[in-house]
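Residue numbers (the working numbering): 5 to 203. Some notes on the structure that comes next.
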């Protein structure tokens with residue numbers, strides 16, 4: 005995290021939004037926030053070199069799927085609040101409802117307000133935005149891991165490099181699964197409406 009943001013490797017402070025110049029610090033405001041997200045997804049494995057102690061302690065990760073559901077719930081609520089006018093369409097509120105690759109604009113909210121099927125379309129949009137948001141974070145985490153592997157202290161430790169490679173491979177599998185899920189959802193979503201329209 006610190007290397008990606010051009011900081012000293014031991015810096016634990018948060019990065020203020022005004023001084024943030026990367027997607028990494030826009031996503032996680034501190035190294036601790038990035039660690040917590042990574043640990044939740046991938047888990048944690050502690051290796052010890054002592055004689056009379058437990059050599060390895062492991063905390064399993066949950067993967068990306070539970071995070072997608074949480075993100076979906078948050079995005080759907082944000083969209084519904086904007087569509088129902090419970091919240092104003094400020095840039096901050098629009099950002100909260102969207103993701104970096106799928107931003108939500110005032111035009112999208114206004115179009116949803118005019119839709120008779122706004123609830124269904126809001127759910128579909130929230131689902132796509134949630135998948136995109138979690139996928140963006142996963143890719144960012146993978147880049148962060150690969151950058152961290154090049155840090156001299158990590159690069160000099162074979163066990164650390166091995167651990168980073170393992171976690172990167174695990175994350176890569178999760179990302180591929182997520183990508184497949186996204187493609188299948190899009191394919192299924194396109195097929196059903198087209199079949200109904202063509203009848």
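Quick reminder that beta carbons are idealized off the backbone N, C-alpha and C, glycines included.
In its own chain, which residues sit with a C-beta less than 6 angstroms from the C-beta of residue 145, not counting the 5 before and 5 after it? Here residue 145 refers to the residue found at position 141 of the chain shown. Cβ neighbours of residue 145 within its own chain (closer than 6 angstroms, five residues either side excluded): 42.
Cβ pair residue 65, residue 39 closer than 8 angstroms: Numbered from 1 along the chain shown, position 61 holds the residue referred to as residue 65. Numbered from 1 along the chain shown, position 35 holds the residue referred to as residue 39. With respect to residue 39, residue 65 sits apart: the two C-beta atoms are not nearer than 8 angstroms.
Below 8 angstroms on the Cβ atoms is my guess for residue 33 versus residue 23; work out the distance and round it to an integer in Å. Taking the chain shown and counting its residues from 1, one reaches residue 33 at position 29. Taking the chain shown and counting its residues from 1, one reaches residue 23 at position 19. Residue 33 to residue 23, Cβ: 11 angstroms. No contact.
Locate the alpha helix (DSSP H) running through residue 69, then write down its first and last residues. The sequence position of residue 69 within the chain shown is 65, counting from 1. 69–87 is the span of the alpha helix (DSSP H), which, as asked, contains residue 69.
Whole-Å CB distance - residue 130 paired with residue 83, under 8 angstroms assumed: What you label residue 130 is simply residue 126 of the chain shown in a count that begins at 1. What you label residue 83 is simply residue 79 of the chain shown in a count that begins at 1. The pair is a contact, with the Cβ atoms about 5 angstroms apart (cut-off 8 angstroms).
Give me, in chain order, the residues of the same chain whose beta-carbon lies closer than 8 angstroms to that of residue 118; leave out the 5 immediate sequence neighbours on both sides. Position 114 of the chain shown, counting from 1, holds the residue named residue 118. Cβ within range, chain order: n/a, list empty.
Considering Cα atoms alone, identify which of 77, 53, 78 and 113 is closest to residue 94. To locate residue 94, count along the chain shown from 1; it is residue 90. The shortest C-alpha separation from residue 94 is found at 113.
Going along the chain, which unbroken runs of the alpha helix (DSSP H) with 4 or more residues stay wholly within the region 98–150? Whole alpha helix (DSSP H) segments, 4+ residues: 110–118.
Between the alpha carbons of residue 50 and residue 58, how many angstroms are there, rounded? Here residue 50 is taken as the residue at index 46 of the chain shown, counted from 1. Here residue 58 is taken as the residue at index 54 of the chain shown, counted from 1. Rounded to whole angstroms, residue 50 to residue 58 spans 10 angstroms at the Cα level.
Once DSSP output is grouped into helix, strand and coil, what is the label at residue 152? One-based indexing of the chain shown puts residue 152 at position 148. If DSSP states are grouped into helix, strand and coil, residue 152 belongs with the helices.
Taking a contact to mean a Cβ-Cβ separation below 8 angstroms, would you say residue 27 touches residue 155 in this structure? For this step, residue 27 is matched to residue 23 along the chain shown. For this step, residue 155 is matched to residue 151 along the chain shown. No, they are not a contact pair.
According to the neighbour-count rule (16 or more other Cβ atoms, all chains shown, within 10 Å of its Cβ), is residue 141 buried or exposed? For the purposes of this step, residue 141 is taken as the residue at position 137 of the chain shown. By the neighbour-count rule (16 or more Cβ atoms within 10 Å), residue 141 is buried.
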